[in-house]
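Encoded as structure tokens, the structure appears first; notes follow it.
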Amino acid sequence: MLTLLQIPWSPFCITLRRILTQHRIPHRVRDIPPFGDRAEVVRATRGLGATVPCLLDGRRAIVDTSDFGQETARYVDAKYRLGLFPKEREGHQLLLARYIESELEAIGFKVNDTYFIPTLPLLERTNAIRWKERKFGRGCVAQWTRDRAKLAAQMEDLLAPLDNILASSPFLLGPKPLFVDYDLYGILGNYRHSGNVRFPALKHLRRWHAAM
Numbered sequence: 003m004l005t006l007l008q009i010p011w012s013p014f015c016i017t018l019r020r021i022l023t024q025h026r027i028p029h030r031v032r033d034i035p036p037f038g039d040r041a042e043v044v045r046a047t048r049g050l051g052a053t054v055p056c057l058l059d060g061r062r063a064i065v066d067t068s069d070f071g072q073e074t075a076r077y078v079d080a081k082y083r084l085g086l087f088p089k090e091r092e093g094h095q096l097l098l099a100r101y102i103e104s105e106l107e108a109i110g111f112k113v114n115d116t117y118f119i120p121t122l123p124l125l126e127r128t129n130a131i132r133w134k135e136r137k138f139g140r141g142c143v144a145q146w147t148r149d150r151a152k153l154a155a156q157m158e159d160l161l162a163p164l165d166n167i168l169a170s171s172p173f174l175l176g177p178k179p180l181f182v183d184y185d186l187y188g189i190l191g192n193y194r195h196s197g198n199v200r201f202p203a204l205k206h207l208r209r210w211h212a213a214m
């Protein structure tokens with residue numbers, strides 16, 4: 003049985019978890035500390051990586067080792083023959099994934115952080131803010147909180163082109179969901195993880211989300 007090492011609200015963990023669940027693939031889920039020690043992942047991968055999602059299959063550990071490589075999802079796809087990466091759609095999926103994982107993810111996690119981080123106990127909250135500030139600069143979480151409405155408006159603007167695609171297609175690239183559909187599902191799951199963010203007012207995206 004597969005084991006998924008995850009941070010529950012990570013967009014990429016949500017993506018992989020949804021693939022496993024939707025295709026009824028037996029798996030266990032184990033949460034790891036979100037801000038700090040990644041020793042379990044490092045040991046499992048023998049130093050290959052420290053990121054999540056990390057998928058354990060027997061003695062083998064798989065992590066995403068390149069930008070837009072989707073190694074964990076591709077491993078599951080190949081092992082269970084899910085058809086999420088058809089060769090004829092490779093270029094289309096790469097372009098869409100770049101947009102989803104760059105433009106959308108860059109806003110989605112900031113909005114979620116403004117709601118989620120303040121709910122943490124003091125020690126965890128302090129560690130989370132320091133973790134973020136090392137990467138994004140001093141005062142970043144406070145700035146994102148002030149800009150929350152603006153970020154939400156930007157998110158809706160960036161989702162609008164995908165809503166236009168979905169106006170004439172059940173899923174992003176055709177009649178059935180491919181990897182990029184799960185990719186987008188993960189980004190939206192992270193964006194709305196706190197329960198405080200309304201679903202964007204985009205009717206085709208809403209219909210797609212219900213189908214996912």
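Everything in the sequence shown is counted per this note's numbering, starting at 3 for the first residue and increasing by one. Cβ atoms here follow ideal geometry from the backbone N, Cα and C, with glycine treated the same way.
{"Query": "Identify, in the order they occur along the chain, each residue of the same chain with its Cβ nearer than 7 Å to the Cβ of R150, setting aside the five sequence neighbours on each side.", "Result": "V113 and T116"}
{"Query": "With a 10 Å radius around its C-beta and 16 neighbouring C-beta atoms as the bar for buried, classify M3 as buried or exposed.", "Result": "exposed"}
{"Query": "Per DSSP, H29 is paired with what?", "Result": "L4"}
{"Query": "According to the neighbour-count rule (16 or more other Cβ atoms, all chains shown, within 10 Å of its Cβ), is R48 buried or exposed?", "Result": "exposed"}
{"Query": "What are the boundary residues of the alpha helix (DSSP H) that includes D115?", "Result": "E107 to F118"}
{"Query": "What did DSSP end up calling R62 once you bin it into helix, strand or coil?", "Result": "strand"}
{"Query": "Determine the extent of the alpha helix (DSSP H) in which W210 is found, giving its start and end residues.", "Result": "K205 to A213"}
{"Query": "Helix, strand or coil: which one does DSSP assign to F87?", "Result": "coil"}
{"Query": "On the DSSP bridge list, what partners appear for C56?", "Result": "L7 and V65"}
{"Query": "Can you give me the start and stop residues for the alpha helix (DSSP H) that H195 sits inside?", "Result": "Premise fails: H195 is in no alpha helix (DSSP H) and is neither H nor E."}
{"Query": "Would you give the residue range spanned by the alpha helix (DSSP H) that A155 belongs to?", "Result": "R150 to L168"}
{"Query": "Check whether the Cβ atoms of N198 and I16 sit closer than 8 Å, and answer yes or no.", "Result": "no"}
{"Query": "Just checking, does the stretch 17 to 30 make contact with the stretch 74 to 89 on the three C-beta pairs under 8 Å criterion?", "Result": "yes"}
{"Query": "Where does F37 sit, in a helix, a strand or coil, going by DSSP?", "Result": "coil"}
{"Query": "Please go through the same chain and pick out, in chain order, the residues whose beta-carbon is closer than 8 Å to the beta-carbon of G110, but skip the five residues on each side of it.", "Result": "P13, M157, I189, L190, N192 and Y193"}
{"Query": "Does F173 come out as helix, strand or coil in the three-state DSSP assignment?", "Result": "strand"}
{"Query": "Kindly indicate which residue of L164, L174, S196 and D185 has the alpha-carbon position closest to the one of L204.", "Result": "L164"}
{"Query": "Use the C-beta contact count for Q145: other C-beta atoms within 10 angstroms, 16 or more gives buried, fewer gives exposed.", "Result": "exposed"}
{"Query": "So, using beta-carbon positions, are V54 and V43 closer together than 8 Å?", "Result": "yes"}
{"Query": "With DSSP run on the structure shown, which of helix, strand or coil describes T23?", "Result": "helix"}
{"Query": "Is D185 buried or exposed, if buried means 16 or more other CB atoms sit within 10 Å of its CB?", "Result": "buried"}
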